[in-house]
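Please read the structure below before turning to the comments.
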Amino acid sequence: MKKKGNGGMKVKMALLLVASLSIICCTTTSGYVSLTTEIGSLYKFGYISELLKYGGSASLYGMHVEIFQLIGEAGIKMLGEGEIEKLTDVEKSRLFVITYAVSSSLLESVVTISFFDYKSTRPLLNCTGASCWGFPAIDIPAAKKHALQQMRLALKLQ
């Protein structure tokens, strides 16, 4: 006589474990705004800083363009480095700087987009996206997508 196996139960438990981990671990986003008003009402100009490089990740090559476009959709004029010198002090008081970076490990990938006041360097906005599937080729684009979604929400573009 053959004993009835418990293989079906083991498969169900394994699927339940994978589903639970996927729900808990797959993606997260966060963002905070340190101002009580909209960035668009205080700032007229934006600039993407090259000081913090994105680490050479091929997944982030297009991020500069995507950030540039989102800021433009918010009605803020994006400037190049040479254009900042031409601004008056009053105009510089309405300028913010954007930096972005990525960190990636086997556990998680995180993309952060940060906004700072040009004159005071005070933080204005931080948008972070994270993904933890364990595959950087999947995690970095997912984290980037979530950080850009946070930025879109913060700029009230949705």
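In terms of the numbering used here, the sequence shown has 35 at position 50, counting the first letter as 1, and numbering is strictly consecutive.
Where a beta carbon is used, it is the ideal one built from N, C-alpha and C, also for glycine.
Computed from a predicted structure; not experimentally measured.
Three-state secondary structure (DSSP) of residue i
i: L164; result: The question about residue 164 has no answer, for the chain in this structure spans -14 to 143.
i: F53; result: helix
i: L27; result: helix
i: L72; result: coil
i: L109; result: strand
i: L140; result: coil
i: A122; result: helix
i: G(-7); result: helix
Residues bridged to residue i [DSSP beta-bridge criterion]
i: Y85; result: I98
i: Y103; result: In the DSSP output, where bridge partners are listed per residue, Y103 has none listed.
i: K62; result: F30
i: L80; result: F30
Option nearest residue i by Cα separation, candidates the options
i: K130; options: V95, K104, I24, F120; result: V95
i: P108; options: L91, V82, E93; result: V82
i: S34; options: G119, I123, F53; result: F53
i: L91; options: G119, S26, M(-2), G57; result: G119
i: Q135; options: I56, L80, K71, K(-5); result: I56
i: T73; options: R137, Y103, L140; result: Y103
i: R137; options: M(-6), K(-5), G(-7), E23; result: E23
i: E93; options: A122, L133, M(-6); result: A122
Local Cβ density within 10 Å of residue i, reported as buried at 16 or more and exposed below that
i: T97; result: buried
i: S105; result: exposed
i: F100; result: buried
i: G31; result: buried
i: S116; result: buried
i: L27; result: exposed
i: M48; result: buried
i: L140; result: buried
i: L80; result: buried
7 Å Cβ cutoff, residue i in contact with chain B
i: S105; result: Absence of chain B from the displayed structure is noted, only one protein chain being present.
Near the ligand FAD: residue i beta-carbon under 6 Å from a heavy atom
i: L92; result: Absent from the structure shown: the ligand FAD. Ligands present: none.
Practice task
Pair every Cβ in the segment 106 to 126 with every Cβ in the segment 61 to 78, then say whether three or more of these pairs are closer than 8 Å.
Solution key: no
Handout entry: Segment contact flag, the segment 114 to 129 with the segment 85 to 94, C-beta cutoff 8 Å, min 3 pairs
Key = Touching, yes.
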